[in-house]
Amino acid sequence: MASQIQALKLEVRGLKARAVGKSANLASPQIFVMGGYDDTALVTAAEVYSFKSSQFTPSCSMLFPRSSAASSVLDDRIYVFGGGDGKNWFDTTERYDSISNSWSKCSSMKYKRGNLAGATVGGKVYALGGGNGKAQFSQVECYDAHLGAWTSSPSMLEKRYMVAAAEIGGALYALGGFDVFSKLLVAKDGALIRTMERFDPRESVWTKMPSMTSKRGSLSAAVLNGRLYALGGFDGSVFLSTVEAFDPRADRWETVSH
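With this note's numbering as the guide, the letters of the sequence shown map in order to residues 4 to 261.
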């Protein structure tokens with residue numbers, strides 16, 4: 004049965020304009036938006052969206068201005084890591100605690116990188132792929148909050164820049180991205196990938212999974228009712244509005260009508 008997407012237009016008030024590179028994460032029942040560019044410079048500003056009021060309100064600003072970072076939630080705390088400022092790429096990590104309404108610095112990653120993906124699996128935060136302007140990465144690191152440190156995790160099967168990631172059933176899925184990218188932000192032939200791979204921390208190995216129907220870089224991923232959704236992105240020619248969904252039980256992708 005074909006899935007249906009019902010588009011709901013939300014009345015959003017109070018969000019400051021941000022051009023590119025922001026990080027967003029869901030800390031139920033709110034959405035946090037952090038960093039990125041406004042019309043003049045990088046920002047440290049963080050804002051929170053309430054579904055009750057349909058409004059964004061300011062939150063405590065991050066410690067560092069950053070764009071093209073990744074974020075993930077662990078134990079009701081938001082972790083933001085990597086990214087850059089247009090001149091340098093970062094390995095730094097900071098954490099937001101909603102109880103104290105404050106950010107604190109955490110240990111840094113091994114690699115400086117931006118346009119990476121972040122996800123939480125098995126009580127650890129994972130940083131996947133990305134790049135540093137010279138190379139694209141397949142490397143993966145995981146952060147253990149109890150140890151307060153990042154450690155290396157098995158690398159992905161492919162290099163992935165502007166990749167998306169999500170968790171389903173205790174496993175980590177990485178999908179799409181670019182394996183080669185030019186300085187002019189123009190995808191080279193063969194650079195875009197539609198492939199997906201899965202990492203089970205209990206087995207500590209990456210496995211190739213069914214590919215998406217479309218090539219997508221700079222896409223978003225979300226999980227709903229046990230299905231993985233790939234949303235939007237860039238296919239090398241145009242920006243996409245299309246959505247497709249992966250059902251782990253059927254082990255296949257299908258286009259979602261909207």
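Heads up, the beta-carbon is just placed ideally off N, CA and C, and yes, glycines get one too.
Assuming residue i contacts residue j (C-beta within less than 8 angstroms), just tell me the rounded distance between them.
i	j	result
Phe67	Thr47	7 angstroms
Glu200	Ala177	5 angstroms
Trp106	Met159	Actually they do not touch by this definition, with Cβ atoms about 29 angstroms apart.
Arg98	Cys109	5 angstroms
Ala169	Phe181	Actually they do not touch by this definition, with Cβ atoms about 18 angstroms apart.
Ser70	Gly86	6 angstroms
Gly39	Trp92	Their Cβ separation, rounded to whole angstroms, is 16 angstroms, which puts Gly39 and Trp92 out of contact at 8 angstroms.
Counting contacts by CB-CB distance shorter than 7 angstroms, is residue i in contact with chain D?
i	result
Phe237	This model lacks chain D altogether, as it is built from one protein chain only.
Thinking C-beta only, is residue j closer than 7 angstroms to residue i?
i	j	result
Arg230	Ser214	no
Ser289	Ala49	Here the chain has residues from 4 to 261 only, and residue 289 is not among them.
Val128	Tyr82	yes
Tyr3	Gln139	A query on residue 3 cannot be resolved here, the shown segment of the chain reaching from 4 to 261 and no further.
Gln33	Ser64	no
Ala233	Leu222	yes
Ile171	Val259	no
Asp203	Ala174	yes
Leu45	Asp79	no
Ser207	Pro251	no
Based on the DSSP output, what are the partners of residue i in its beta bridges?
i	result
Phe1	Residue numbering for the chain in the displayed model covers 4 to 261; residue 1 lies beyond these limits and cannot be assessed.
Asp250	Arg255
Ala152	Asp147
Ser223	Leu234
Ala168	Ala177
Leu195	Phe181
Leu45	Tyr40
Any 3 or more C-beta pairs closer than 8 angstroms across the region 236–255 and the region 210–219: yes
Complete runs of the alpha helix (DSSP H) confined to the region 61–144 [at least 4 residues]: none
Is there contact here, the region 98–107 with the region 130–138, by at least three beta-carbon pairs under 8 angstroms? no
Touch test, the region 111–131 against the region 69–78, Cβ-Cβ under 8 angstroms, three pairs minimum: yes
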